[in-house]
Each structure stands twice: as structure tokens, then as C-alpha cells.
Amino acid sequence: MKAIVVYDSKYGNTKIVAEKIVEGISEAGEVDATLNRISEVDIKKIPDYDIILVGSPNHMGGPTRSVKKFIDGLKKLEMKEKYIAIFDTYMGGDFEKAVKKMKSRIKEKVPGSKPEILELSIKVQGMKGPIEVDELPKCKEFGHNIVNLMSK
Ligand SMILES: Cc1cc2nc3c(=O)[nH]c(=O)nc-3n(C[C@H](O)[C@H](O)[C@H](O)COP(=O)(O)O)c2cc1C
Numbered sequence: 077m078k079a080i081v082v083y084d085s086k087y088g089n090t091k092i093v094a095e096k097i098v099e100g101i102s103e104a105g106e107v108d109a110t111l112n113r114i115s116e117v118d119i120k121k122i123p124d125y126d127i128i129l130v131g132s133p134n135h136m137g138g139p140t141r142s143v144k145k146f147i148d149g150l151k152k153l154e155m156k157e158k159y160i161a162i163f164d165t166y167m168g169g170d171f172e173k174a175v176k177k178m179k180s181r182i183k184e185k186v187p188g189s190k191p192e193i194l195e196l197s198i199k200v201q202g203m204k205g206p207i208e209v210d211e212l213p214k215c216k217e218f219g220h221n222i223v224n225l226m227s228k
């Protein structure tokens, strides 16, 4: 089985989360994981994967514009029965987590994908990070959860 982790990142923290998730997925040895920055992903290749993970920094309570565009782009592809998982990084504050908006956007735009959407939110210490130390192990663990979900 094949997984692709697509992320956007302004200051590099969401990139680190994406890398750790890939490590977590790869450790199990059953799922082949590819990492792609969102600006470099070839969206036409997305249907080659069994699970698509999308990550974004929280920008004003939602994902970045590139992430929204990517999710909207999935609409035109054969996404039936595909797994989707989402993750974000956030600083905290009054706005909601970006994963919440990502989830509702996926439900709206990609209705054929599997309804179970795993999600992860990782807290950073300030606008530019770094990631809170306690949060780091959750990233690899999320990778393990992905493999468990797919091998059910
Ligand atoms: C324009 C902008 C808006 C942001 N808005 C929020 C917000 O509403 N809530 C929040 O928790 N963090 C907010 N942040 C902080 C981001 O969560 C933080 O910069 C990000 O997680 C770092 O990830 P990155 O290193 O991958 O860019 C904002 C950051 C930027 C640059």
C-alpha cells in the first residue's frame, strides 16, 4: 500500500511534523510513504496512492490557501474509497484548529473518500515554532495509527 504526505509550511514546523509522520508510517514496513511539499505535488498522481495525508499550518483558524486549493483539486480525481488524513500545527488563541475546516472541506468536496478521517493537531510555541517538546512523539504515533487503520 502507498501513502503520500502532502504539506504546506511557512516556517518549517509543519514540514517537521510531516517528516515524523512519514517516519512513523515507514517504521511499520507495510506502507510505502512519500513526502511532498504542496507546491511541488503533481495532483494527477494522487489517485496512485491508497491514503492521502494533508498538513497545514493554522492561518487564522483555517488551512493555507494552497491547502484549500489542493483539497478542491481532489474533487476532479477518482477518490472513491481513498483514505484521507489531516494534520495541522497551531500556536493557540481564539481561532479554531485548521483541521476542523479541512475536514468539512473534504466532506463537501471529496464525498466519495472514506468517511473516517484521522486528524492530528500539533502545538508550536510561537508563530515560528518550535514544536512543543511533548508534542513530537504524537507525530510518529500518528504514522503508526495510519498503518493500523489501513491494515484493518
Ligand atoms: C498569517 C498567520 C496566521 C496565523 N493564525 C493562527 C491562528 O489563527 N491560530 C493559531 O493557533 N496559530 C496561528 N498562526 C500561527 C501558526 O499556527 C504557526 O505559524 C504555524 O503553526 C507554524 O507552522 P509552519 O512553521 O509550518 O509555518 C498563524 C500564523 C500566521 C503566519
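Numbering (our numbering), first residue to last: 77 to 228.
C-beta: ideal position from N, C-alpha, C; glycine also.
Alpha-carbon spacing of residue i relative to residue j, whole angstroms
i	j	result
K173	H135	9 angstroms
A161	D170	24 angstroms
K145	G88	20 angstroms
T165	V223	21 angstroms
E103	M226	14 angstroms
L212	K204	16 angstroms
G202	M167	6 angstroms
K120	E184	20 angstroms
K228	E106	12 angstroms
Buried versus exposed, by CB contacts within 10 Å (16 or more), residue i
i	result
R17	A query on residue 17 cannot be resolved here, the shown segment of the chain reaching from 77 to 228 and no further.
V200	buried
G131	buried
K214	buried
V93	buried
Simplified DSSP state of residue i, which is helix, strand or coil
i	result
P133	strand
D118	coil
F171	coil
I78	Residue identity check: residue 78 is Lys in the sequence provided, not Ile. Three-state result, K78: strand.
S197	strand
T165	strand
G138	strand
D148	helix
D210	helix
L153	coil
Cut-off 7 angstroms between Cβ atoms - residues of its own chain near residue i, not counting five sequence neighbours on either side
i	result
S271	Here the chain comprises residues numbered 77 to 228, so residue 271 is not present and cannot be evaluated.
S115	S142
E95	L111
Sequence-distant residues of its chain with Cβ nearer than 6 angstroms to residue i (five each side left out)
i	result
G219	I97, G100 and I101
V117	V82
G137	F171 and E172
M155	V186, G188 and S189
K78	D108, Y125 and D126
Spatial neighbours of residue i in its chain, beta-carbon cut-off 8 angstroms, leaving aside the 5 residues before and after
i	result
E231	Nothing about residue 231 can be read from this structure; the chain reaches only from 77 to 228.
K177	G137, G138 and P139
Inter-residue CB distance, residue i and residue j (contact presumed, cutoff 8 angstroms)
i	j	result
L150	I122	7 angstroms
I198	F163	7 angstroms
V175	E157	About 22 angstroms separates the two Cβ atoms, so there is no contact after all.
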